[in-house]
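Under the numbering used here, think of the first position of the sequence shown as 1, with each following residue one higher.
Everything on this sheet refers to the single structure shown next.
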Amino acid sequence: MKYQEQLLAILEENRGTYLSGEMLARRLFVSRNTVWKTVKSLQAQGYPIDAVTNKGYALAEDSDILSAPAIEAKLRHKGRLHISVEPLVTSTNTVLKAQAAEGAPEGTLLVALEQSAGKGRLGRSFSSPRRSGIYMSLLLRPKMAAKDALMLTTAIAAAAAETLRELTGFLVGVKWVNDLYLNGKKLCGILTEAALDFESQGLEYAVVGIGINLEEPAGGFDESIRDVAGALFAAGETPVGFRARLIAGIFDRFLDYYDRLDEKPFLNAYRELSCILGKPVRVIDNIYDPGSSRDAEALAIDDDCRLLVRFADGHEEALSSGEVSLKILQGSFS
Numbered sequence: 001m002k003y004q005e006q007l008l009a010i011l012e013e014n015r016g017t018y019l020s021g022e023m024l025a026r027r028l029f030v031s032r033n034t035v036w037k038t039v040k041s042l043q044a045q046g047y048p049i050d051a052v053t054n055k056g057y058a059l060a061e062d063s064d065i066l067s068a069p070a071i072e073a074k075l076r077h078k079g080r081l082h083i084s085v086e087p088l089v090t091s092t093n094t095v096l097k098a099q100a101a102e103g104a105p106e107g108t109l110l111v112a113l114e115q116s117a118g119k120g121r122l123g124r125s126f127s128s129p130r131r132s133g134i135y136m137s138l139l140l141r142p143k144m145a146a147k148d149a150l151m152l153t154t155a156i157a158a159a160a161a162e163t164l165r166e167l168t169g170f171l172v173g174v175k176w177v178n179d180l181y182l183n184g185k186k187l188c189g190i191l192t193e194a195a196l197d198f199e200s201q202g203l204e205y206a207v208v209g210i211g212i213n214l215e216e217p218a219g220g221f222d223e224s225i226r227d228v229a230g231a232l233f234a235a236g237e238t239p240v241g242f243r244a245r246l247i248a249g250i251f252d253r254f255l256d257y258y259d260r261l262d263e264k265p266f267l268n269a270y271r272e273l274s275c276i277l278g279k280p281v282r283v284i285d286n287i288y289d290p291g292s293s294r295d296a297e298a299l300a301i302d303d304d305c306r307l308l309v310r311f312a313d314g315h316e317e318a319l320s321s322g323e324v325s326l327k328i329l330q331g332s333f334s
């Protein structure tokens with residue numbers, strides 16, 4: 001860990017409390033001058049560190065700058081994640097897939113404040129303006145068959161919805177397979193991408209990406225998504241420290257699930273959080289007759305995380321996420 005990260009971690013642990021330069025120098029095994037230079041560098045990056053003669057240095061209690069130490073401080077699973085926070089990336093999934101190919105370890109978590117080329121399912125873009133959302137991807141190296149990769153998406157969806165409900169009290173729901181909704185608007189998208197080991201037919205790695213709209217951008221969402229996109233808060237109203245608590249909460253829950261993935265401990269929560277079961281949906285073919293659609297009723301989610309639907313002619317079918325997409329029909333939300 002670099003001096004900046006080490007110093008920031010200590011200040012984060014003691015937020016609002018002044019720590020002397022001498023004490024910090026002893027903790028970091030460096031000179032007091034190195035501490036001073038490191039503080040100056042962090043201040044230049046925007047970290048609100050107060051420096052007072054004869055008192056020392058303190059990170060402001062109301063600081064809302066997102067950092068790896070701020071997230072780590074909130075985690076129950078200490079040391080499980082290798083966290084980095086970047087101001088701008090093309091796409092957290094794209095960057096992390098490149099790192100995975102170069103041997104990055106499981107648990108590498110990339111968080112970005114903004115994406116210039118955010119990705120959604122089926123090659124769609126994901127709007128990722130600065131300050132209005134959280135954009136992050138986690139690298140996993142699970143020992144599992146490629147056909148079971150859907151469990152990763154459903155597990156992270158359940159973890160995210162549960163955490164959002166706990167922290168806000170809002171009734172966030174899951175739209176099979178990878179979207180979270182609030183008040184009939186899309187709040188969050190999840191994209192899992194994987195590399196296949198052709199010899200074993202298992203996964204070489206998987207990258208699970210998640211983007212959450214925290215607040216509406218200044219001026220509102222782009223006209224192209226205004227009717228479908230929603231956010232947790234109005235512009236400028238995200239509570240101080242909320243982002244770090246949310247990220248830590250999601251991945252703590254996900255790791256609880258991941259450690260027992262074969263038991264599918266997330267499945268009951270995923271079903272209970274569904275906002276489409278018993279509701280009318282439109283099933284859109286992605287493979288065999290792209291763009292064609294049929295109306296149906298969403299009945300249940302089976303043990304393989306497939307969606308069971310009944311079409312107008314009474315025919316029932318278990319849908320695979322890669323083969324179809326869903327459109328929620330008007331009146332689907334009560």
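Glycine included, each C-beta is placed from N, C-alpha and C at the ideal position.
Bear in mind that the values here come from a model prediction, so they are computed numbers and not experimental data.
Within the segment 121-176, the alpha helix (DSSP H) runs of at least 4 residues that lie entirely inside it are, in chain order, 150-168. Per the coordinates, the alpha-carbon of E317 lies some 51 Å from the alpha-carbon of A9.
V85 places its beta carbon 8 Å or farther from that of A73. In the DSSP secondary-structure assignment, L308 is bridged to A300, A318. The C-beta distance from L66 to L138 rounds to 16 Å, too long to meet the 8 Å contact threshold. Here Y18 carries a coil assignment [DSSP, helix/strand/coil]. Here D313 is exposed: its Cβ has fewer than 16 other Cβ atoms, across all protein chains shown, within 10 Å.
Comparing alpha carbon positions, the residue from F254, A229, N213 closest to G236 is N213.
Around R80, the same chain offers G107, L255 as residues with beta carbons nearer than 7 Å, after the five sequence neighbours per side are excluded. Counting only residues of its own chain and dropping the five nearest sequence neighbours on each side, I247 has a CB closer than 7 Å to the CB of I71, V111, I134, M136. Between the segment 186-199 and the segment 146-157, the count of Cβ pairs shorter than 8 Å is three or higher; the stretches touch. For G219, no alpha helix (DSSP H) encloses it, and the DSSP letter there is neither H nor E.
Cβ atoms of V39 and Y18 stay farther apart than 8 Å, at about 12 Å.
Contact between the segment 297-313 and the segment 260-276 is present: three or more C-beta pairs spanning the two stretches fall below 8 Å. In the three-state scheme derived from DSSP, where H, G and I count as helix and E and B as strand, D62 is classed as coil. Ranked by Cα distance from A229, the options R243, G211, Y288, L96 are led by G211. For Q201, the CB contacts under 8 Å within the same chain, skipping 5 residues up- and downstream, are A145, A146 in chain order. For V177, the closest of K2, M23, K327 by C-alpha to C-alpha distance is K327. In its chain, beyond the 5 residues on either side, E106, Y205 have a beta carbon closer than 6 Å to the beta carbon of R141.
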